[in-house]
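In the numbering used here, the protein residues as written are 3 to 52. Cβ coordinates follow ideal geometry from the N, Cα and C atoms, glycine included. Small disclaimer: the values here were computed from a predicted structure and weren't measured. Written out below as structure tokens is the structure these notes cover.
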Amino acid sequence: MNREEEVRKIATFVREWAIMKAKVEGRSVTEVIREMKEEMEQRKQDRRLW
């Protein structure tokens with residue numbers, strides 16, 4: 003599997019997961035994705051501190 007296929011597969015998984023999480027929590031997909039992005043950014047910042 004080349005890099006492009008791998009990225010596409012991961013993106014599809016994340017999108018489907020965000021949709022399911024939004025349904026379960028009664029929130030919009032946009033809210034869930036925004037929260038995920040904030041968490042990723044926070045992890046990135048935390049890694050830079052080490």
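Q. Mind checking residue 34: buried by the 16 CB within 10 Å criterion, or exposed?
A. Residue numbering aside, residue 34 sits at position 32 when the sequence shown is read from its first letter. Counting Cβ neighbours within 10 Å, residue 34 comes out buried, since at least 16 surround it.
Q | Separation of residue 39 from residue 16, as counted between CA atoms | A | For the purposes of this step, residue 16 is taken as the residue at position 14 of the sequence shown. For the purposes of this step, residue 39 is taken as the residue at position 37 of the sequence shown. Between residue 16 and residue 39, the C-alpha separation is close to 11 Å.
Q | Span separating the alpha-carbon of residue 20 from that of residue 31 | A | As a working mapping, residue 20 is identified with position 18 in the sequence shown. As a working mapping, residue 31 is identified with position 29 in the sequence shown. Distance between the alpha carbons of residue 20 and residue 31: 6 Å.
Q.
Please state the DSSP three-state secondary structure of residue 38.
A. By one-based count along the sequence shown, residue 38 stands at place 36. Looking at residue 38 - three-state DSSP - the assignment turns out to be helix.
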